[in-house]
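Our numbering applies: residue 1133 is where the sequence shown begins, and numbers increase by one.
Input: a single structure, listed below in structure tokens.
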Amino acid sequence: MFGIPLPWVLVVLCITLFGTYRGGYHFGWSDRDKEMQIEIARKNEESRQTEQKLNEKLNENASKLLEANNVLDQKTTALAIANRLGKLRLCPTSSVQATPNPTPTATDTKATSEPDRPTDTASDADRATLQAIAEIVAQGDRNTAALNACVDSYNQMRDLLNGNK
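Rendered as structure tokens:
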């Protein structure tokens, strides 16, 4: 051809083809890296928005739980005050048994008209029992409110993450 031996033409041709392939390969990966960076940035932004929504929902549920606990504390305090004032009473036991031979009642009206103790006052044991019952009920109510808040939070997070908004 132009005075260049054929083996050198083939070498130059191979180097040119290899250089072209190498350049295309390099620029292809470079373009793919740029596309991936754009996609990663987009996904990160979506994740931040989802995280903000999740935090808002969790804070909302936490404030609802705090309000419910405050209401329960007020009820518990009111119940404790009523117990201390003696306004609460336990139901009397109903184990009164009739005797087969009733004894004649006493004729002294003074002895039968006055009870041994006033019936309206609660004993210290009754008050302690009522206080223990009130504490058990209050703790149960708190646990129920906490469980319901947990279930609500879980369902909201699941719906938000699954796209059920």
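Each residue gets a CB set at the ideal place from its N, CA and C atoms; glycine is no exception.
key: Closest by C-alpha distance to L1190, when choosing among A1257, R1274, L1222, Y1286   = As a working note, residue 1190 is residue 58 in the sequence shown. Each of A1257, R1274, L1222, Y1286 was checked against the Cα of L1190, and the nearest Cα belongs to Y1286.
ask   = If you follow the alpha helix (DSSP H) that S1195 is part of, which residue opens it and which one closes it?
value = Working through the sequence shown from its first residue, we reach residue 1195 at position 63. From DSSP, the alpha helix (DSSP H) with S1195 extends over 1138–1216.
ask   = What's the C-alpha gap between D1258 and N1201?
value = Locating residue 1258 in the sequence shown gives position 126, counting from the first residue. Locating residue 1201 in the sequence shown gives position 69, counting from the first residue. Distance between the alpha carbons of D1258 and N1201: 27 Å.
ask   = In whole angstroms, what separates the C-alpha of L1142 from that of T1148?
value = Locating residue 1142 in the sequence shown gives position 10, where the first residue counts as 1. Locating residue 1148 in the sequence shown gives position 16, where the first residue counts as 1. Answer to the nearest angstrom: the Cα atoms are 10 Å apart.
request  = Compare the C-alpha of D1256 against each of R1221, C1282, M1289 and name the closest.
outcome  = The count along the sequence shown starts at 1 and reaches residue 1256 at position 124. Nearest C-alpha to D1256: R1221.
Between the CA atoms of E1267 and T1261 - distance to the nearest angstrom = In the sequence shown, the residue the question calls residue 1261 occupies position 129. In the sequence shown, the residue the question calls residue 1267 occupies position 135. Cα to Cα, the separation comes out at about 10 Å.
query = Quick one: what does DSSP say S1285 is sitting in, helix, strand or coil?
reply = Residue numbering aside, residue 1285 sits at position 153 when the sequence shown is read from its first letter. Helix, per DSSP.
key: Span separating the alpha-carbon of F1159 from that of G1151   = If you number the sequence shown from 1, residue 1159 lands on position 27. If you number the sequence shown from 1, residue 1151 lands on position 19. Looking at the two C-alpha atoms, the distance is approximately 12 Å.
query = Should R1278 and T1208 be called a contact, given that it needs their Cβ atoms to be closer than 7 Å?
reply = Position 146 of the sequence shown holds residue 1278. Position 76 of the sequence shown holds residue 1208. The identity of residue 1278 in the sequence shown is Ala, whereas the question assumes Arg. Not closer than 7 Å, so no.
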